[in-house]
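As structure tokens, the structure follows; a few thoughts come after it.
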Amino acid sequence: MSTFDDYVGTFDNESGYLNWAAFGPLSPSVREEIFADADLLGSGRPSSLSLVWERVGQAQELVAELLGGDAVDVTLQPSSTQGLMHAFYGMTGAVIASTAEFPSISLTLDRAAAASDRALTPRWITPADSRVTADAVAEVLDDEVTALAVSHVDFRTGYRADLAALRDVIGPDRLLIVDAVQSFGVVDADFTMADVVVGHGYKWLRAGRGSAFAWFSPRARQRIVPVLSGITGTDSLSVDEVMAPTASAQAFTVSSPDTLAAGRLAIGVRDVRDAGVAAIEARIAQHVDTVLEIADRHGIVVTSPRDRAERAGIVVLSPEEPARLAAALSNAGIVVTARGSSVRIGVHAGTDAATLQQLDDALGAFGNETFTSS
Ligand SMILES: Cc1ncc(COP(=O)(O)O)c(C=O)c1O
Numbered sequence: 012m013s014t015f016d017d018y019v020g021t022f023d024n025e026s027g028y029l030n031w032a033a034f035g036p037l038s039p040s041v042r043e044e045i046f047a048d049a050d051l052l053g054s055g056r057p058s059s060l061s062l063v064w065e066r067v068g069q070a071q072e073l074v075a076e077l078l079g080g081d082a083v084d085v086t087l088q089p090s091s092t093q094g095l096m097h098a099f100y101g102m103t104g105a106v107i108a109s110t111a112e113f114p115s116i117s118l119t120l121d122r123a124a125a126a127s128d129r130a131l132t133p134r135w136i137t138p139a140d141s142r143v144t145a146d147a148v149a150e151v152l153d154d155e156v157t158a159l160a161v162s163h164v165d166f167r168t169g170y171r172a173d174l175a176a177l178r179d180v181i182g183p184d185r186l187l188i189v190d191a192v193q194s195f196g197v198v199d200a201d202f203t204m205a206d207v208v209v210g211h212g213y214k215w216l217r218a219g220r221g222s223a224f225a226w227f228s229p230r231a232r233q234r235i236v237p238v239l240s241g242i243t244g245t246d247s248l249s250v251d252e253v254m255a256p257t258a259s260a261q262a263f264t265v266s267s268p269d270t271l272a273a274g275r276l277a278i279g280v281r282d283v284r285d286a287g288v289a290a291i292e293a294r295i296a297q298h299v300d301t302v303l304e305i306a307d308r309h310g311i312v313v314t315s316p317r318d319r320a321e322r323a324g325i326v327v328l329s330p331e332e333p334a335r336l337a338a339a340l341s342n343a344g345i346v347v348t349a350r351g352s353s354v355r356i357g358v359h360a361g362t363d364a365a366t367l368q369q370l371d372d373a374l375g376a377f378g379n380e381t382f383t384s385s
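Each residue of the sequence shown is one higher than the last, beginning at 12 in my numbering.
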């Protein structure tokens, strides 16, 4: 059996789970190894503690490998929002961002601007369908713009931004700050065209909360001041003098990382690396095709992108009666995210045929007329 098939075989969560864009049930390897790490921490032996501490370096190495960067430029963070804070609070100039971004970008940018006394200003855009395209960015570009912040895959619409086109339009000198929460590990992208990439382990990596990271390119390190820099952000720790931030990306850290979280992140990333991100992406694309086919057959309006290049693992259903559809799915044992007028489905490589059949049956059982918008 290939490593990819082994990986798919590790999805042992209950059938009906279609909520990967919200939370990824922990993988068996993460569950097993976290117990082993916890036992080591329970011994108190220095050799055991340092064994668990090695997880920090492993996580940095593995994240860097997937990003195509250097391990020393990867910082471990308690959340991806905290990674974005390190970036925004140290920036000046106008930063382009969509008002429809997940608040980790929009709210954090707003707060950082307020704290900067307007040395930093958000340059809000409200593009059609919330799609941050090169054209939408080009419209507001001027000399004041120092950066663009964007979700690689939008949490609400499922739209996958074209990072190459965005880099092209902002040029080589502005920073490209990417929230890869909905893509890291499941979309085979070239992240080296970005300057800051944040992500976390609790959705697609199946590694639980607290396992986030932020990567800072050499250019980002030159341009972003380490404002929220703490006791791990210096070359050494001194009690008698106040140390300057280190020149490395570790300046964008506050205190020592949670080694159990680092272990979970390392295992989650290792598993997707071993299975192959391209293979995972391809399998997810097949499952999305199946969900689209099911929705079309039952007359449910889909508002997420259909083009493979513009989507990842999210399908958005926008029926006439979203609350009824959400209730029907829930009654059928299907876990999704229902929000306002839409129902968000997230499929992963290990989504099984039984789950897709459950979705098909649930949509069929209640009759099209209740859900279709015509
Ligand atoms: C696109 C996106 N960014 C950021 C976050 C929040 O990440 P964290 O909890 O690591 O701060 C989410 C959570 O759903 C998300 O979907």
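For every residue, glycine included, the Cβ atom is placed at its ideal position computed from N, Cα and C.
Predicted model only: the values in this text are computed from it and were never measured.
Out of curiosity, what's the CA-to-CA distance linking residue i and residue j?
i	j	result
A365	M96	41 Å
R122	S115	11 Å
T381	Q297	Note on T381: pLDDT 45, under 50, position unreliable in the model; the coordinate value appears next. Going by the C-alpha atoms only, they are around 28 Å apart.
A75	F202	10 Å
G20	D50	27 Å
L152	G104	12 Å
D11	V41	Within the shown structure, residues of the chain are numbered from 12 to 385, placing residue 11 beyond reach of any answer.
V85	Y100	18 Å
Q261	R66	16 Å
A360	T137	32 Å
G169	V326	6 Å
A147	I45	44 Å
T270	R134	37 Å
M102	A277	29 Å
S249	G53	29 Å
S385	Q369	Reliability fails at S385, whose pLDDT of 41 lies under 50, so the model's placement of it is uncertain and no value is given.
D165	L62	37 Å
A376	H163	35 Å
R167	E292	19 Å
S109	S127	20 Å
S90	E304	35 Å
A32	G79	24 Å
R217	F113	20 Å
M254	F22	47 Å
V208	A231	10 Å
R220	R178	30 Å
V313	E331	11 Å
D246	A349	47 Å
L37	V346	16 Å
V161	R234	18 Å
R308	D371	9 Å
S58	E25	38 Å
Report whether the distance from the Cβ of residue i to the nearest heavy atom of ligand 2 is below 8 Å.
i	result
Y213	With respect to small molecules bound, the structure shown includes ligand 1 and not ligand 2.
Nearest by alpha-carbon distance to residue i: which of the options is it?
i	options	result
D16	A306, G357, L303 and G287	G287
S267	S247, P256, S249 and T243	T243
L328	A343, V164, I311 and V238	I311
T157	Y18, R217, D206 and A139	D206
A175	G169, V326 and L159	L159
L60	D48, A293 and A70	D48
T257	V164, D269, D154 and L239	L239
G182	M204, G196 and V164	M204
D190	H211, R178 and Q368	H211
S228	V83, D165, A255 and V283	V83
S341	N30, G35, M102 and S13	N30
S353	L336, E25, M102 and D285	L336
R294	I305, V143 and V358	V358
G334	E321, R355 and L73	The sequence shown places Ala at residue 334, rather than the Gly named in the question. The option with the nearest alpha carbon to A334 is R355.
E1	F22, L131, V161 and A338	Since the first residue shown for the chain is 12 and the last is 385, residue 1 is missing from the structure and cannot be characterised.
P316	L186, E332 and V299	V299
A70	Q233, R56, G79 and L87	L87
L120	I188, A339, E332 and I345	I188
L77	W64, E332, A289 and E331	A289
G279	E332, L73 and S13	L73
G241	V265, W64 and A338	V265
R275	A200, V143, S13 and G68	G68
Is the beta carbon of residue i within less than 8 Å of some heavy atom of ligand 1?
i	result
T144	no
I think residue i touches residue j, with their Cβ atoms under 8 Å apart; what is that distance to the nearest whole Å?
i	j	result
V198	A323	5 Å
Y213	G94	Actually they do not touch by this definition, with Cβ atoms about 14 Å apart.
Y10	D282	In the structure displayed, the chain extends from 12 to 385; residue 10 sits before or after that span and is not available.
A145	S222	Rounded, the Cβ-Cβ distance is 32 Å, inconsistent with contact.
T301	L367	5 Å
F263	A225	6 Å
A172	S141	About 11 Å separates the two Cβ atoms, so there is no contact after all.
Item checked: Below 6 Å from a heavy atom of ligand 1 - residues by beta-carbon -> S90, S91, T92, F113, S115, S162, F166, D190, V192, Q193, H211 and A223
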